[in-house]
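**Student:** Here's a structure for you.
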Amino acid sequence: MRKIFVFVERVDGEAHPVSWELLGKARELANNLEESEVWAIVLGKECENVCKEAISRGADKVLYVKNDQLVEYVNYKYKKVLVDIVRKYEPEIFLIGATLEGRELAGMVATELETGLTADCTGLDILPDKKLLAMTRPTFGGNLMATIMCPEHRPQMATVRPGVMRELPPDPNRKGEVIVEEYSIPEMEKFIEILEAVPLSVKSNLAYAPVVVAGGKGVGGPEGFEKLRELANLLGGEIGASRAAVKAGWISDEYQVGQTGKTIHPVLYIACGISGAIQHVVGIKESEIIVAINTDENAPIFDVADIGIVGDLHAVVPAITSKLKAMKGEVRK
Amino acid sequence: MNVVVLIKQVPDTTNVRIDRKTNNLVREGVPSVINPDCMHALELAAQLKEKHNATVYVITMGPPQAINALKDAISFGLDEAVLLSDRAFAGADTLATTYTLYKGIKKIEEKIGKIDIVLAGRQAADGDTGQVGPGVATRLGYSLAAYVTSIEKIEKDEIILTRRLDRGYEKVRVKIPCVLTVTPELNEPRYASLPNLIRSLRYQPIVWNKDDINADPKKAGFFGSPTRVVNTNIPPARKGGDIISKNESPEIAAQKLLDELKKFESIRLIEGLRVLVGDKK
Ligand SMILES: Cc1cc2nc3c(=O)[nH]c(=O)nc-3n(C[C@H](O)[C@H](O)[C@H](O)COP(=O)(O)OP(=O)(O)OC[C@H]3O[C@@H](n4cnc5c(N)ncnc54)[C@H](O)[C@@H]3O)c2cc1C
Ligand SMILES: Nc1ncnc2c1ncn2[C@@H]1O[C@H](COP(=O)(O)O)[C@@H](O)[C@H]1O
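Chains X and P, in that order, are what the protein sequence lines are.
Using our numbering, read the first sequence as starting at 13 and increasing by one per residue.
Using our numbering, read the second sequence as starting at 12 and increasing by one per residue.
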């Protein structure tokens with residue numbers, strides 16, 4: 013059996029959404045690779061529910077390394093465990109979410125195993141004739157897409173960008189097996205020790221929101237973002253910002269979109285009072301639909317917008333909000 | 012205290028253009044710069060030199076013209092800069108890159124003694140992998156803290172620092188020797204002082220080839236790289252679409268926008284826009 017390993021990243025008691033996205037993708041890869049099965053790798057304790065959910069999300073087997081020392085992510089311990097289980101079970105493919113944690117961990121594991129690792133992939137396929145994993149990723153700030161393979165070394169490793177692959181809806185009737193791996197962590201030097209976890213003061217859902225209503229310098233101040241927030245809420249989305257708005261202190265940098273902020277790919281991106289500098293556009297160009305509202309008809313944002321409105325955002329945004337509200341009211345009646 | 016800074020010379024990606032006729036990346040005339048994240052590693056190294064009297068070596072693996080990046084790096088007031096350059100290093104993926112850098116660090120160690128801290132950028136602007144720091148740490152058997160955002164204190168055998176993960180920040184104790192990868196949040200890179208600038212202009216970096224660092228050509232460069240780039244392509248450019256003119260009132264503009272949005276199948280994925288397509292669910 014060819015094994016496709018998926019690392020299940022946990023945030024507190026729950027799995028990071030990217031883990032389910034990877035299981036969904038791994039399932040699809042397994043369907044194109046004869047005699048293969050999908051293994052979810054879970055580290056920690058009291059993860060029985062996560063294990064169960066992994067099966068309902070597409071895993072054939074769950075390898076559960078149950079150990080008190082693995083409750084928190086500590087890089088050198090996680091590395092040791094993953095390297096050892098890869099050596100024991102010899103998977104063909106090993107997928108890890110391209111979160112900050114996942115990228116650190118994958119870099120350590122792949123080096124120790126002396127195999128290839130492709131970072132931050134946005135596409136994965138099995139080449140039918142060669143049975144190899146083709147990994148596609150953006151480089152040069154998204155200007156170039158490269159497809160990479162790892163023909164001879166095993167496992168073929170990739171980190172995969174969150175929010176790109178589709179997760180499977182949980183199917184409680186799916187069958188699978190949970191293997192509790194007996195594993196004791198050897199005595200090791202204490203390379204790194206967590207003293208304190210500091211959660212973020214603002215939590216934005218930018219990376220996952222289906223709609224992002226973003227504001228730039230044209231918003232004019234922190235109050236202006238309230239109008240954007242209202243529209244975003246109505247659409248079930250999140251707000252975003254240009255660096256200029258963040259630098260002006262109008263909004264937290266958790267909301268910044270672009271080269272030095274987040275790269276996002278919502279279904280709908282509405283840029284309000286954003287000129288469309290290249291460093292901003294690289295972060296949004298994979299959006300399905302881009303709408304721009306700007307007073308300057310020559311603003312470069314219109315070159316990438318599917319629909320452009322030349323106008324004052326302070327008038328246009330509330331007009332969109334009230335139109336939508338009116339329509340919803342009618343539907344309800 | 013001995014410190015090595017890993018820097019990379021990258022094309023200034025803000026200037027990379029695409030030739031739409033040939034569908035190629037236009038790199039000619041695009042200036043090369045020190046990778047932005049590496050600037051913050053250099054600043055930290057300069058501070059370690061000032062506050063902890065560190066001996067600092069800067070190292071890069073790259074083609075001969077990467078000498079320029081090393082000269083610029085010296086303007087931070089650092090001790091020496093080393094270029095690892097050899098045909099055998101060309102075509103390296105991250106695994107082969109970390110091998111060559113590791114051998115280079117070991118060679119520096121022969122000259123100045125045990126290396127306590129290795130600094131790298133979080134990621135490079137061209138490749139964008141963020142794998143080199145973790146890989147070098149693994150090869151050296153050092154502790155690793157990626158994504159460092161602030162440093163509280165540095166003692167003889169440990170560092171207390173804060174680093175960024177997706178779910179928030181994490182304060183950690185890191186054992187020395189260690190590899191740190193740094194983020195732009197850590198510091199503001201300085202402007203060079205005049206004496207340092209003058210020194211950097213005159214400075215000639217050390218150049219080592221594969222024999223100087225005793226590198227196994229099967230582990231370096233193309234032959235030491237498990238991954239192969241099999242294809243590259245340029246994603247199609249977005250094209251600007253319809254413009255609703257400034258002569259329209261905000262209400263009309265809003266209505267026209269909603270009418271336009273109806274034409275996109277994918278808006279069905281947006282709960283808040285289902286009203287547009289008459290889906291009453
Ligand atoms: C290395 C580097 C990294 C960077 N990274 C990022 C990044 O990650 N993200 C990012 O966003 N930027 C980034 N930048 C900055 C970027 O170059 C631009 O400076 C920035 O995006 C401009 O923000 P803006 O569009 O909000 O402001 P401006 O360029 O000032 O544009 C404001 C726009 O608002 C319009 N406007 C004004 N009033 C109104 C109104 N009432 N109604 C409608 N429109 C109005 C104006 O016509 C104008 O087009 C980076 C720059 C560098 C050098
Ligand atoms: N060829 C290289 N020479 C020296 N350092 C490098 C090289 N490539 C990457 N690095 C270091 O690793 C960091 C992350 O790069 P990357 O892993 O390629 O995204 C960079 O900021 C540098 O500090």
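From the three backbone atoms N, C-alpha and C, an ideal C-beta is built for every residue, glycine too.
On a predicted model such as this, the values are computed, not experimentally measured, just so you know.
Below 8 angstroms on the Cβ atoms is my guess for V15(P) versus A52(P); work out the distance and round it to an integer in Å.
**Tutor:** What you label residue 15(P) is simply residue 4 of the second sequence in a count that begins at 1. What you label residue 52(P) is simply residue 41 of the second sequence in a count that begins at 1. The Cβ separation is near 10 angstroms, so there is no contact.
**Student:** Closer than 7 angstroms by beta-carbon distance: list the chain P residues that pair up with R22(X), in chain order.
**Tutor:** Mapped onto the first sequence, residue 22(X) falls at position 10. None at all; the shortest Cβ gap to chain P is about 10 angstroms.
**Student:** Grab me the residues of K187(X)'s own chain with a C-beta within less than 6 angstroms of its C-beta, minus the 5 sequence neighbours each way, in chain order.
**Tutor:** Translated into positions along the first sequence, residue 187(X) becomes position 175. Closer than 6 angstroms at Cβ, skipping near neighbours: no residue.
**Student:** Taking only beta-carbon atoms, is A317(X) less than 8 angstroms away from chain P?
**Tutor:** By one-based count along the first sequence, residue 317(X) stands at place 305. Yes, A317(X) counts as interfacial toward chain P.
**Student:** So what's K292(P) in DSSP terms, helix, strand or just coil?
**Tutor:** By one-based count along the second sequence, residue 292(P) stands at place 281. Low confidence applies here, because K292(P) scores a pLDDT of 46, under 50, leaving its location unreliable and the question unanswered by this model.
**Student:** Start and end of the alpha helix (DSSP H) containing D104(P)?
**Tutor:** Position 93 of the second sequence, counted from the start, is the residue given in the question as residue 104(P). No alpha helix (DSSP H) holds D104(P); DSSP gives it neither H nor E.
**Student:** Consider the Cβ of R249(P): report whether some Cβ of chain X lies at a distance smaller than 8 angstroms.
**Tutor:** One-based indexing of the second sequence puts residue 249(P) at position 238. By this cut-off, R249(P) is an interface position.
**Student:** Got a sec? Which residues, its chain only, sit under 7 angstroms from K291(P) by beta carbon, not counting five neighbours each side?
**Tutor:** Residue mapping note: residue 291(P) aligns to position 280 of the second sequence, counting from 1. Note on K291(P): pLDDT 49, under 50, position unreliable in the model; no value is reported.
**Student:** Any heavy atom of ligand 1 closer than 7 angstroms to the beta-carbon of L180(X)?
**Tutor:** Here the question's residue 180(X) lines up with position 168 in the first sequence. The answer is no for L180(X).
**Student:** What do you get for P198(X), buried or exposed, if any count of 16 or more other CB atoms within 10 angstroms of its CB means buried?
**Tutor:** Reading the first sequence from its first residue, position 186 is the one you call residue 198(X). P198(X) is exposed by the Cβ-count criterion.
**Student:** If P195(P) sits next to T272(X), beta carbons under 8 angstroms apart, how far is it from one beta carbon to the other, in whole angstroms?
**Tutor:** If you number the second sequence from 1, residue 195(P) lands on position 184. If you number the first sequence from 1, residue 272(X) lands on position 260. Rounded, the Cβ-Cβ distance is 7 angstroms, consistent with contact.
**Student:** I think V98(X) touches L125(X), with their Cβ atoms under 8 angstroms apart; what is that distance to the nearest whole Å?
**Tutor:** Residue 98(X) sits at position 86 when you count from the first residue of the first sequence. Residue 125(X) sits at position 113 when you count from the first residue of the first sequence. Going by Cβ atoms, the distance from V98(X) to L125(X) rounds to 6 angstroms, so yes, they are a contact pair.
**Student:** Please say whether I301(X) and S277(P) have beta carbons closer to each other than 8 angstroms?
**Tutor:** To locate residue 277(P), count along the second sequence from 1; it is residue 266. To locate residue 301(X), count along the first sequence from 1; it is residue 289. In this structure, I301(X) lies closer than 8 angstroms to S277(P) by Cβ.
**Student:** What span of residues does the beta strand (DSSP E) with P150(X) cover, start to end?
**Tutor:** If you number the first sequence from 1, residue 150(X) lands on position 138. From DSSP, the beta strand (DSSP E) with P150(X) extends over 144-151.
**Student:** Going along chain P, which residues have a C-beta under 8 angstroms from C162(X)?
**Tutor:** Walking along the first sequence from the start, residue 162(X) turns up at place 150. Correct list: P237, T238, R239.
**Student:** Flag this pair as yes or no: are the beta carbons of K239(X) and P330(X) separated by less than 8 angstroms?
**Tutor:** Position 227 of the first sequence, counted from the first residue, corresponds to residue 239(X). Position 318 of the first sequence, counted from the first residue, corresponds to residue 330(X). Their beta carbons are under 8 angstroms apart, which means K239(X) touches P330(X) by this criterion.
**Student:** Grab me the residues of L139(X)'s own chain with a C-beta within less than 7 angstroms of its C-beta, minus the 5 sequence neighbours each way, in chain order.
**Tutor:** The residue labelled residue 139(X) in the question sits at position 127 within the first sequence. Correct list, in chain order: A146.
**Student:** In the DSSP assignment, find the unbroken alpha helix (DSSP H) run with S68(X) in it and report its ends.
**Tutor:** Reading the first sequence from its first residue, position 56 is the one you call residue 68(X). From DSSP, the alpha helix (DSSP H) with S68(X) extends over 60-68.
**Student:** On the three-state DSSP scale, how would you describe L180(X)?
**Tutor:** Within the first sequence, the letter at position 168 stands for residue 180(X). Here L180(X) sits in coil by DSSP.
**Student:** What does DSSP give as the partner residues of T66(P) in its beta bridges?
**Tutor:** As a first step, residue 66(P) is located in the second sequence; it is residue number 55 there, counting from the start. DSSP lists N13(P) as partners of T66(P).
**Student:** Give me the Cα-Cα distance between V30(X) and K340(X), rounded to the nearest whole angstrom.
**Tutor:** For this step, residue 30(X) is matched to residue 18 along the first sequence. For this step, residue 340(X) is matched to residue 328 along the first sequence. Taking the straight line from one Cα to the other gives about 33 angstroms.
**Student:** Is R255(X) close to ligand 1? I mean its beta-carbon at under 7 angstroms from any heavy atom of the ligand.
**Tutor:** Counted from its first residue, the first sequence places residue 255(X) at position 243. R255(X) has its Cβ nearer than 7 angstroms to a heavy atom of ligand 1.
**Student:** Taking only the alpha-carbon atoms, compute the straight-line gap between Q168(X) and G128(X) and give it to the nearest angstrom.
**Tutor:** The residue you call residue 168(X) lines up with position 156 of the first sequence. The residue you call residue 128(X) lines up with position 116 of the first sequence. If you take the alpha carbons of Q168(X) and G128(X), they lie about 6 angstroms apart.
**Student:** Taking Cβ-Cβ distances shorter than 7 angstroms, what residues in chain X pair up with G138(P)?
**Tutor:** Residue mapping note: residue 138(P) aligns to position 127 of the second sequence, counting from 1. Under the 7 angstroms cutoff, chain X gives T151.
**Student:** How should G323(X) be labelled, buried or exposed, when 16 other C-beta atoms within 10 angstroms of its C-beta is the threshold for buried?
**Tutor:** Numbered from 1 along the first sequence, position 311 holds the residue referred to as residue 323(X). Here G323(X) is buried: its Cβ has 16 or more other Cβ atoms, across all protein chains shown, within 10 Å.
**Student:** Evaluate I263(P) with the Cβ neighbour count: other Cβ atoms within 10 Å of its Cβ, from every protein chain shown; 16 or more gives buried, anything less gives exposed.
**Tutor:** For the purposes of this step, residue 263(P) is taken as residue 252 along the second sequence, with counting starting at 1. If you draw a 10 Å sphere on the C-beta of I263(P), you find fewer than 16 other C-beta atoms in it, and that means exposed.
**Student:** Is it true that the CB of L45(X) sits closer than 8 angstroms to the CB of K202(X)?
**Tutor:** Within the first sequence, residue 202(X) is the residue found at index 190, counting from 1. Within the first sequence, residue 45(X) is the residue found at index 33, counting from 1. Not in contact: K202(X) and L45(X) (Cβ atoms no closer than 8 angstroms).
**Student:** Verify the CB distance criterion: does S277(P) have a CB-CB separation below 8 angstroms to chain X?
**Tutor:** In the second sequence, counting from the first residue as 1, residue 277(P) sits at position 266. Judged by the 8 angstroms Cβ criterion, S277(P) is in contact with chain X.
**Student:** Given the structure, does I286(X) come close to ligand 1, in the sense that its CB is under 7 angstroms from one of the ligand's heavy atoms?
**Tutor:** The residue given as residue 286(X) occupies position 274 in the first sequence. I286(X): yes, Cβ under 7 angstroms from ligand 1.
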